[in-house]
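The listed protein sequences correspond, in order, to chains Y and S. So for the first sequence, the numbering used here puts the first residue at 1; every next one is plus one. So for the second sequence, the numbering used here puts the first residue at 526; every next one is plus one. Here a beta-carbon is modelled for each residue, glycine too, at the ideal position from N, C-alpha and C.
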Amino acid sequence: MSTATTHDDHHDHRPSGIMRWITTTNHKDIGTLYLWFAFTMLLIGGAMAMVIRAELFQPGLQIVDPQFFNTMTTMHGLIMVFGAIMPGMVGLANWQIPLMIGAPDMALPRMNNWSFWILPFAGTMLLSTLFMEGGGPAFGWTFYAPLSTTFAPASTDFFIFAVHMLGFSSIMGAINIIATVLNMRAPGMTLMKMPLFVWTWFITAFLLIAVMPVLAGAVTMMLTDRNFGTSFFDAAGGGDPVLFQHVFWFFGHPEVYIMILPAFGVISEIIPTFARKKLFGYSSMVYATASIAFLSFIVYAHHMFTTGMPVAGELYFMYATVMIAVPTAVKVFNWTATMWRGSMTFELPMLWAIAFVFLFTIGGFTGLMMGVAPADMQYHDTYFIVAHFHYVLVTGALFAIIAAAYYWLPKWTGHMVNETLGKIHFWWSVISVNVLFFPQHFIGLAGMPRRIPDYSLQFADWNMISSIGGFAFGVAQVFFVFIVIKTIRGGEKATGQVWEGAHGLEWTVPSPAPYHTFETAPEVK
Amino acid sequence: MFAKSLRRALCSLWGAALLLGAGSSFAEYPLNLTQGATDISHKVYDLHMMVFWICVVVCVGVFAVLIYSIFTHRKSKGAVPATFHESTTVEIIWTTIPFLILVGMAVPATTTLLALEDTRDPDMSIQITGYQWKWKYDYLDEDISFFSALATPREQIEGTAEKGENYLLEVDNPIVVPINKKIRFLVTSNDVIHSWWVPALGWKQDAVPGFINDAWTELSEPGLYRGKCAELCGKDHGFMPIVLVAKTEEDYQAWVNEQKGAAAADAAAATKTWSMDDLMAKGESVYKTNCQACHQAGGEGMPAAGFPALKGSPIATGPVAGHLDIVLHGGKKNPAMAAFGQQLNDADLAAVITYERNAFGNATGDVVQPSDVAAAR
Chain Y
1 MSTATTHDDH
11 HDHRPSGIMR
21 WITTTNHKDI
31 GTLYLWFAFT
41 MLLIGGAMAM
51 VIRAELFQPG
61 LQIVDPQFFN
71 TMTTMHGLIM
81 VFGAIMPGMV
91 GLANWQIPLM
101 IGAPDMALPR
111 MNNWSFWILP
121 FAGTMLLSTL
131 FMEGGGPAFG
141 WTFYAPLSTT
151 FAPASTDFFI
161 FAVHMLGFSS
171 IMGAINIIAT
181 VLNMRAPGMT
191 LMKMPLFVWT
201 WFITAFLLIA
211 VMPVLAGAVT
221 MMLTDRNFGT
231 SFFDAAGGGD
241 PVLFQHVFWF
251 FGHPEVYIMI
261 LPAFGVISEI
271 IPTFARKKLF
281 GYSSMVYATA
291 SIAFLSFIVY
301 AHHMFTTGMP
311 VAGELYFMYA
321 TVMIAVPTAV
331 KVFNWTATMW
341 RGSMTFELPM
351 LWAIAFVFLF
361 TIGGFTGLMM
371 GVAPADMQYH
381 DTYFIVAHFH
391 YVLVTGALFA
401 IIAAAYYWLP
411 KWTGHMVNET
421 LGKIHFWWSV
431 ISVNVLFFPQ
441 HFIGLAGMPR
451 RIPDYSLQFA
461 DWNMISSIGG
471 FAFGVAQVFF
481 VFIVIKTIRG
491 GEKATGQVWE
501 GAHGLEWTVP
511 SPAPYHTFET
521 APEVK
Chain S
526 MFAKSLRRAL
536 CSLWGAALLL
546 GAGSSFAEYP
556 LNLTQGATDI
566 SHKVYDLHMM
576 VFWICVVVCV
586 GVFAVLIYSI
596 FTHRKSKGAV
606 PATFHESTTV
616 EIIWTTIPFL
626 ILVGMAVPAT
636 TTLLALEDTR
646 DPDMSIQITG
656 YQWKWKYDYL
666 DEDISFFSAL
676 ATPREQIEGT
686 AEKGENYLLE
696 VDNPIVVPIN
706 KKIRFLVTSN
716 DVIHSWWVPA
726 LGWKQDAVPG
736 FINDAWTELS
746 EPGLYRGKCA
756 ELCGKDHGFM
766 PIVLVAKTEE
776 DYQAWVNEQK
786 GAAAADAAAA
796 TKTWSMDDLM
806 AKGESVYKTN
816 CQACHQAGGE
826 GMPAAGFPAL
836 KGSPIATGPV
846 AGHLDIVLHG
856 GKKNPAMAAF
866 GQQLNDADLA
876 AVITYERNAF
886 GNATGDVVQP
896 SDVAAAR
């Protein structure tokens, strides 16, 4: 790992070995830690997905019992959301935001260290529930009460503590990003000159600060319902199980934008570089991002159309929800217009970015379909929604993180990625991910509920196809580990500029980026 | 069987890639939402198809531009980048057009939603209560009440028997409704949240403990419709199907009378004194439907997942009073053990408790009669 910083800086007094990583306050080191943590969690969560797909390969119960199956779907969701995608995005922010705004480091480096080092402990505590008596959490990543309160295993209290810690980490990370963006920009870099990746993260950070405390409130109410005799979510004591869903989704809906807005930022960096043309509609991109962030707070109950909401509520949430299609469409149109009459080349980051635009659009359209309340009465809680959010989060958020890794790895390591291996990884992933998730639209529409370990016979063939795609996609990501390690260890030397069409401050420093950059602020015209 | 289905899946992978457009012709590969059997479900289907085609048209348009651009505007073909990078006019146009399309969509969506939620003036009402993991139906106008649980044998699930045509979609007692009546369903739950979903009716409705949600349907043709629980409700969420049978008015009345006769027979069973053999035989079938999912066929339980063994357990081999108490009133420390006093009648409870005390090597020799259960309630 230390190859990222082989250029010794003589004025640096960092400790060596493991203590370097434990005590580090350097944004590049912490970014690296975040990214490796996210990568590890991606593989663990992916292994759980493999268990799920193996059980669903055929009808009948073959591999795991239903309780453990529920534990796997629950832990897979929690680990991918809180362990893989979110820390992955924070890792990119740590590495890139100071480099992109010409700052020497994050504004609050010690807090940066702490917000990372909470994560491995929270993640370990979450995973440890698997080995506890009564099994791990088995109530879905959305942990609806009362299944997660009165009817949950004892390990749920550990799950609650882990979620609290993950929340602390996210809030501290978000505060740090806001402080950095507001205070550390190089002279001349006005807000409306910031790279889009910085803008999207800046907006995301506000979302995090607004909603992580709400999640903390939800799990705290669970904790007191479970252990201290309160009845927030128990009708027998005057509470309401549906209150849980209101609180959860007030967090949960902005949460999905927390995962996708930085991805929009990444794609908005990559496409102009390889189209050799400025991003079309920069300011409308900023406004669209801000609109999506605002709307994300006022649409959340579209997750709850079947809970028995009053019809006026259903109408309002339907109208508000479909409105999100407008700023999202603006983004896709702007990316298209950026590519239009550009001079494109198709290096690895561009391939992933283009795949993102196509596949995220499909996920966006199924989202629009589900916003239509009467139709959602059928779609809700089926594999149609499973297909939808995997198109948005796997071929959306995850593809953007992989695109970002291929885009910035030469800057981080000083080595170009092997194009042949990268292309194998790309085509392998893109084909298998569609074999995996596209059929799930069909079985969902045809009536297969989500979160079931066994299914009736009409779904058998599509499930088998989906599982085959799943195994292939899983292996492809192990191959990605190999590619990343190979790039760290060696390869064609990267120039500072790296990509012919790249613009921005991060490309003005050498590759690999020295341990300390922009100690003297650059001047932005 | 495994190799055959694997081969079929691999073939179909290629088939699906070629045939996606025309795919709806083969029944083995369900592709789309059901049109359903009611006026509402047809409206929902039409709305679904309308939004779907709007999405397809916009999607094809955007993708066509992208693909054309990818193949034409390449550096390798000597493309020189243009310099345009913003246009307020264009931004306004492509903000306004999607907005207008959405308004157009919202009109039929609103009328359908209002019709779907209009539960006023029903001809009859049925209360649906979700239990872990079965449904209870109470006919509020008829004084009929029964449970409906999975009828697929355990052996089919575990793979030791060939799976039947309606695998996981069959129940012991289907809900029966008359046609041409507006039926209001009052949906609630006894434990966790469930969701009652028969796709042919066009909707699903969550069953929330402590609250009553309503929904309605009106079927015009006799028929049999299958559905499932749609909200994760614990271990056997995947194993609580729904079967709904719609009958003509006369057939429905005949069914109602039959149910009332059966209720009288149950009342008689509760007062007679049973032999050990009869209790054991009845107990075994009650055990299979109600207990086996957690405590397992041999009474060994699933201790790692929190479901204790009955074989040699202190409750099943200890005093009868303690055994009666936990079965009637549920687990005080472990809420996974439901209070079966609300779910089963005295004869069924007497039989299953007798069975548990004398099966799996628990040779206590105790015989529990329905009158003992009645006394312990």
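First through last residue of the beta strand (DSSP E) which encompasses residue i
| i | result |
| --- | --- |
| Gln867(S) | Neither: Gln867(S) is in no beta strand (DSSP E) and is coded neither H nor E. |
| Ala506(S) | Since the displayed chain S opens at 526 and closes at 902, residue 506(S) lies outside it and no answer follows. |
| Cys754(S) | Gly748 to Cys754 |
| Asn738(S) | Asn738 to Thr742 |
| Gly655(S) | Met649 to Tyr656 |
| Pro703(S) | Ile700 to Pro703 |
| Val712(S) | Ile708 to Ser714 |
| Tyr664(S) | Lys659 to Tyr664 |
8 Å Cβ cutoff met for residue i and residue j
| i | j | result |
| --- | --- | --- |
| Gly727(S) | Gly561(S) | yes |
| Met89(Y) | Met48(Y) | no |
| Gln652(S) | Cys758(S) | no |
| Thr538(Y) | Phe251(Y) | Here chain Y comprises residues numbered 1 to 525, so residue 538(Y) is not present and cannot be evaluated. |
| Asp871(S) | Val898(S) | yes |
| Phe168(Y) | Ile209(Y) | no |
| Asn113(Y) | His27(Y) | no |
| His390(Y) | Phe437(Y) | yes |
| Val299(Y) | Ala320(Y) | yes |
| Ala403(Y) | Val266(Y) | yes |
| Met165(Y) | Ala205(Y) | no |
| Gly83(Y) | Gly45(Y) | yes |
| Phe384(Y) | Thr395(Y) | no |
| Thr71(Y) | Pro137(Y) | yes |
| Pro522(Y) | Ala301(Y) | no |
Extent of the continuous alpha helix (DSSP H) to which residue i belongs
| i | result |
| --- | --- |
| Ser720(S) | Segment His719 to Val723 is the beta strand (DSSP E) holding Ser720(S); no alpha helix (DSSP H) there. |
| Leu769(S) | Looking at the DSSP string, Leu769(S) is not in any alpha helix (DSSP H); the run it does join, the beta strand (DSSP E), is Pro766 to Lys772. |
| Tyr383(Y) | Tyr383 to Val392 |
| Tyr515(Y) | Careful: Tyr515(Y) lies outside any alpha helix (DSSP H) and carries neither H nor E. |
| Tyr407(Y) | Phe399 to Thr413 |
Partner residues on chain C for residue i, Cβ-Cβ distance less than 7 Å
| i | result |
| --- | --- |
| Ile452(Y) | The structure shown has no chain C; the protein chains it does contain are Y and S. |
For residue j and residue i, believed in contact at Cβ under 8 Å, the rounded distance
| i | j | result |
| --- | --- | --- |
| Phe139(Y) | Ala154(Y) | Rounded, the Cβ-Cβ distance is 13 Å, inconsistent with contact. |
| Ser720(S) | Asp234(Y) | 19 Å between Cβ atoms; not a contact. |
| Lys600(S) | Thr420(Y) | Their Cβ separation, rounded to whole angstroms, is 20 Å, which puts Lys600(S) and Thr420(Y) out of contact at 8 Å. |
| Met369(Y) | Cys580(S) | 7 Å |
| Ala725(S) | Ser566(S) | 6 Å |
| Val579(Y) | Phe197(Y) | In the structure displayed, chain Y extends from 1 to 525; residue 579(Y) sits before or after that span and is not available. |
| Thr200(Y) | Pro98(Y) | Actually they do not touch by this definition, with Cβ atoms about 16 Å apart. |
| Val322(Y) | Pro254(Y) | Actually they are not in contact, since the Cβ atoms of Val322(Y) and Pro254(Y) sit about 18 Å apart, beyond 8 Å. |
Contact between the stretch 281-292 of chain Y and the stretch 506-516 of chain Y is defined here as three or more beta-carbon pairs at a separation below 8 Å; is this criterion met?
Taking a cut-off of 8 Å on C-beta distances, the stretch 281-292 of chain Y does not touch the stretch 506-516 of chain Y, as fewer than three cross pairs fall below it.
I want to know whether the stretch 398-411 of chain Y touches the stretch 443-461 of chain Y - three or more CB-CB distances under 8 Å.
Short answer: they don't touch.
According to a CB-to-CB cut-off of less than 8 Å, which residues of the stretch 841-864 of chain S neighbour chain Y?
Cβ contacts with chain Y: Pro860 and Ala861.
Is there contact between the stretch 314-329 of chain Y and the stretch 619-639 of chain S, where contact requires at least three CB pairs shorter than 8 Å?
The answer is yes - the stretch 619-639 of chain S touches the stretch 314-329 of chain Y, with three or more Cβ pairs under 8 Å.
If you measure beta-carbon to beta-carbon, which residues of the stretch 267-298 of chain Y are closer than 8 Å to chain S?
Cβ proximity to chain S below 8 Å picks out Ala275, Arg276, Lys277, Lys278, Leu279, Phe280, Gly281, Tyr282, Ser283 and Ser284 from the stretch 267-298 of chain Y.
Using a beta-carbon distance cut-off of less than 8 Å, what residues from the stretch 597-617 of chain S approach chain Y?
Of all residues in the stretch 597-617 of chain S, His598, Arg599, Lys600, Ser601, Ala604, Val605, Pro606, Ala607, Thr608, Phe609, His610, Glu611, Ser612, Val615 and Glu616 have a Cβ within less than 8 Å of some Cβ in chain Y.
Looking at chain S, which residues of the stretch 40-60 of chain Y have a Cβ within less than 8 Å of any of its Cβ atoms?
Cβ contacts with chain S: Gln58, Pro59 and Gly60.
Inter-stretch contact at 8 Å, needing at least 3 Cβ pairs: the stretch 173-187 of chain Y / the stretch 237-248 of chain Y:
Taking 8 Å as the limit for Cβ pairs, the verdict is that the stretch 237-248 of chain Y does not touch the stretch 173-187 of chain Y.
Between the stretch 564-577 of chain S and chain Y, which residues of the former have CB atoms less than 7 Å from a CB of the latter, in chain order?
Taking a C-beta cut-off of 7 Å against chain Y, the contacting residues of the stretch 564-577 of chain S are Val569, Leu572, His573, Val576 and Phe577, listed in chain order.
Can you confirm whether the stretch 735-751 of chain S touches the stretch 662-669 of chain S when touching is taken to mean that 3 or more C-beta pairs between the two stretches lie within less than 8 Å?
Result no; under three Cβ-Cβ pairs closer than 8 Å.
Is the number of C-beta pairs between the stretch 213-226 of chain Y and the stretch 356-364 of chain Y that are closer than 8 Å three or more?
Too few Cβ pairs lie closer than 8 Å, so no.
Tell me which residues of the stretch 744-773 of chain S have at least one Cβ-Cβ distance to chain Y shorter than 9 Å, keeping chain order.
In summary, the residues of the stretch 744-773 of chain S whose CB is separated from some CB of chain Y by less than 9 Å are Arg751, Gly752, Lys753, Cys754, Ala755, Glu756, Leu757, Cys758, Gly759, Lys760, Asp761, His762, Gly763, Phe764 and Pro766, in the order they occur in the chain.
Which residues of the stretch 300-312 of chain Y have a Cβ closer than 7 Å to any Cβ of chain S? Give them in chain order.
If the cut-off is 7 Å between Cβ atoms, the stretch 300-312 of chain Y has Thr306, Thr307, Gly308 and Val311 near chain S.
Selection of the stretch 719-737 of chain S by Cβ proximity to chain Y, strictly under 9 Å
Residues of the stretch 719-737 of chain S with a C-beta less than 9 Å from any C-beta of chain Y: Ser720, Trp722, Pro724, Gly727, Trp728, Lys729, Gln730, Asp731, Val733, Pro734, Gly735, Phe736 and Ile737, listed in chain order.
For the stretch 117-138 of chain Y, which residues have a beta carbon sitting closer than 7 Å to at least one beta carbon of chain S?
Cβ proximity to chain S below 7 Å picks out Gly134 and Gly135 from the stretch 117-138 of chain Y.
Quick test of the definition: if touching needs 3 or more C-beta pairs under 8 Å, does the stretch 707-717 of chain S touch the stretch 666-683 of chain S?
No, the stretch 707-717 of chain S is not in contact with the stretch 666-683 of chain S.
Do the stretch 472-484 of chain Y and the stretch 418-435 of chain Y touch if we need at least three Cβ pairs shorter than 8 Å?
The stretch 472-484 of chain Y vs the stretch 418-435 of chain Y: in contact.
In the stretch 411-445 of chain Y, which residues sit with their C-beta less than 8 Å from some C-beta in chain S, listed in chain order?
Of all residues in the stretch 411-445 of chain Y, Val435, Pro439, Phe442, Ile443 and Leu445 have a Cβ within less than 8 Å of some Cβ in chain S.
Proximal residues, the stretch 630-642 of chain S versus chain Y, C-beta separation under 8 Å
Result list: Met630, Ala631, Ala634, Thr635, Thr637, Leu638, Leu639, Leu641 and Glu642.
Note down, in chain order, all residues in the stretch 672-693 of chain S with a beta-carbon under 8 Å from any beta-carbon belonging to chain Y.
Flagged, chain order: Gln681, Ile682, Glu683, Gly684, Lys688, Glu690, Asn691, Tyr692 and Leu693.
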